[in-house]
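Comments concern the structure below.
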Amino acid sequence: MDAVTPRAETAIAPYDLAIFGAEPRFPKPLHVGRPNLGDRGAYLERIDGMLQRQWLTNDGELARDFERRVAELVGVRHCVAMCNATVALEIVIRALGMTGEVIIPSFTFIATAHALQWQQITPVFCDVAPGEHHLDPERVEELITPRTSGIIGVHVWGDACDVEALEEIARRRGLRLLFDAAHAFGCSHQGRMIGSFGNAEVFSFHATKFLNTLEGGAVVTNDDALADQIRLMRNFGFVDYDKVIYIGTNGKMNEASAAMGLTNLDAMDDFVDANLQNYRAYQRGLEGIRGVTLRPYAPDDRRNYQYVVLEIDRERAGLSRDDLLRVLRAENVLARRYFYPGCHRMEPYRSFFPHAHLLLPHTEALVKRVLLLPTGTSVTVDDAEGVCQIVRNAVALESEVRERLAGGCGAA
Numbered sequence: 147m148d149a150v151t152p153r154a155e156t157a158i159a160p161y162d163l164a165i166f167g168a169e170p171r172f173p174k175p176l177h178v179g180r181p182n183l184g185d186r187g188a189y190l191e192r193i194d195g196m197l198q199r200q201w202l203t204n205d206g207e208l209a210r211d212f213e214r215r216v217a218e219l220v221g222v223r224h225c226v227a228m229c230n231a232t233v234a235l236e237i238v239i240r241a242l243g244m245t246g247e248v249i250i251p252s253f254t255f256i257a258t259a260h261a262l263q264w265q266q267i268t269p270v271f272c273d274v275a276p277g278e279h280h281l282d283p284e285r286v287e288e289l290i291t292p293r294t295s296g297i298i299g300v301h302v303w304g305d306a307c308d309v310e311a312l313e314e315i316a317r318r319r320g321l322r323l324l325f326d327a328a329h330a331f332g333c334s335h336q337g338r339m340i341g342s343f344g345n346a347e348v349f350s351f352h353a354t355k356f357l358n359t360l361e362g363g364a365v366v367t368n369d370d371a372l373a374d375q376i377r378l379m380r381n382f383g384f385v386d387y388d389k390v391i392y393i394g395t396n397g398k399m400n401e402a403s404a405a406m407g408l409t410n411l412d413a414m415d416d417f418v419d420a421n422l423q424n425y426r427a428y429q430r431g432l433e434g435i436r437g438v439t440l441r442p443y444a445p446d447d448r449r450n451y452q453y454v455v456l457e458i459d460r461e462r463a464g465l466s467r468d469d470l471l472r473v474l475r476a477e478n479v480l481a482r483r484y485f486y487p488g489c490h491r492m493e494p495y496r497s498f499f500p501h502a503h504l505l506l507p508h509t510e511a512l513v514k515r516v517l518l519l520p521t522g523t524s525v526t527v528d529d530a531e532g533v534c535q536i537v538r539n540a541v542a543l544e545s546e547v548r549e550r551l552a553g554g555c556g557a558a
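The sequence shown maps to residues 147 to 558 in our numbering.
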């Protein structure tokens with residue numbers, strides 16, 4: 147990382163912010179998660195080949211090539227590409243024989259919980275470790291019951307959760323271990339690529355992710371038998387042209403999606419570079435702003451830098467996370483709260499487990515502090531610097547901002 151030079155506070159006038167009547171800093175919205183796109187010509191060439199072959203799905207040439215390249219990059223024997231990551235989760239959960247209860251974080255996207263509940267498996271919400279964004283292994287151990295069949299760890303922001311501790315618990319307690327690696331494609335943990343841990347891992351290739359296939363996902367694993375079973379399950383259980391030997395569904399990735407995946411694999415280094423340049427700009431621009439902490443990336447592992455994550459300390463900043471969100475949105479900066487308000491406060495889980503919040507104090511605090519800022523190939527360093535200036539101005543004018551927001555300006 148480049149060295150960061152603190153920036154001195156300067157006098158700010160209220161008219162510098164849109165909530166006070168100024169023009170928004172950005173004429174067009176800046177989004178969290180605009181798609182990273184590789185070479186358009188290369189993509190269209192692949193699409194043209196697909197149309198000439200008239201093979202649009204069902205394990206076509208492009209899907210098989212995409213699976214091969216992902217498996218090689220991750221360093222696993224098998225990649226089974228899917229239509230999306232939610233279906234991938236559902237299929238691998240069933241293939242692993244998970245039943246009863248499965249321990250997951252509440253600080254995750256709702257699909258992690260839904261993939262279990264959809265199959266009448268109870269998601270047991272576990273707190274994050276103090277000061278962290280990942281499952282607390284000590285709490286995981288405390289939540290295991292005779293009904294527990296597995297654990298799903300989530301690699302939030304591309305940072306691995308405590309893989310070693312969870313693997314030790316799963317091994318000792320005879321549990322299946324799955325990782326939701328939706329954020330972590332192209333990332334590593336202690337020199338080993340994420341995707342190669344546990345019984346299996348699931349990637350998301352949704353349009354908002356670091357690498358997209360328009361819409362898609364994949365299960366990656368070194369378990370030969372598990373991979374064979376997942377391939378059966380994603381294609382209705384067909385083992386031959388007219389022979390079904392197992393219950394299944396339709397989870398296949400189509401050729402157009404695979405074409406986008408291959409094109410974006412070719413451009414991965416460009417995506418990382420754009421994200422890293424933006425991250426460094428945010429690092430410089432946010433330095434020294436009281437109550438605003440930019441989540442760091444571990445320097446010794448590969449990262450995709452797809453997420454610019456802030457934690458807002460209301461007491462120190464003088465503004466809440468939601469106050470700052472309203473200020474930014476007035477400037478056409480469409481920052482996002484992740485994973486607010488926590489799965490345990492969404493339906494049906496809020497009704498199923500009305501007192502879950504009492505067991506999740508660190509998650510409850512975290513979902514009120516986290517704010518994601520725009521990055522990706524559609525965001526420039528100048529854009530990132532402009533976003534930082536908005537944050538800096540808002541905190542410098544915190545009392546005026548609070549008064550203005552109390553009057554109803556800048557409603558999110």
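Beta carbons are placed, not taken as given, at the ideal position from N, Cα and C, and that holds for glycine.
Residue nearest to Thr245 within the set Trp264, Pro445, Ala405, Phe356 is Trp264 (criterion: CA-CA distance).
In the DSSP assignment, Asp326 falls outside any alpha helix (DSSP H) and within the unbroken beta strand (DSSP E) covering 322-326. DSSP places Val226 in the strand class (E or B) of the three-state scheme. Spanning the alpha carbons of Val537 and His329 requires a straight line of approximately 25 Å. Counted as a single uninterrupted DSSP element, the alpha helix (DSSP H) harbouring Leu471 occupies residues 467-476. Contact check between the segment 352-366 and the segment 402-422: three or more CB pairs, one atom from each, fall below 8 Å, which counts as touching.
Residue pairing of Lys389 in beta bridges, as defined by DSSP: Asp386. Inclusion of Val366 and Val222 in the CB contact set at 7 Å is warranted, their separation being smaller than that value.
Boundaries for Ala530: no beta strand (DSSP E) harbours it, while the alpha helix (DSSP H) harbouring it runs 527-542, taken from the DSSP string.
Within the same chain, Cβ atoms closer than 6 Å to the Cβ of Ser524 are found at Arg180, the five residues on either side in sequence being excluded. DSSP, reduced to helix, strand and coil, places Thr232 within a helical segment of the structure shown. Between the alpha carbons of Glu477 and Gln535 lies a gap of roughly 11 Å.
Taking a cut-off of 8 Å for Cβ pairs, the segment 293-300 and the segment 429-437 do not touch, as fewer than three such pairs fall below it.
Contact between the segment 471-485 and the segment 511-524 is present: three or more C-beta pairs spanning the two stretches fall below 8 Å. Per DSSP, Ala346 is not a residue of any alpha helix (DSSP H); the beta strand (DSSP E) it occupies stretches across 346-350. A contact between stretches requires three or more CB pairs, one per stretch, nearer than 8 Å, and the segment 249-269 fails this requirement with the segment 368-381. Between the segment 497-507 and the segment 268-276, the count of C-beta pairs closer than 8 Å reaches three or more; the two stretches touch. The criterion of a C-beta distance shorter than 7 Å is not satisfied by Ala371 and Cys225. Assignment of Glu310 by DSSP, reduced to helix, strand and coil, places it in the helix class. In the three-state reduction of the DSSP assignment, Leu517 falls in the strand class. In this chain, Leu357 is not harboured by any alpha helix (DSSP H), its DSSP state being neither H nor E.
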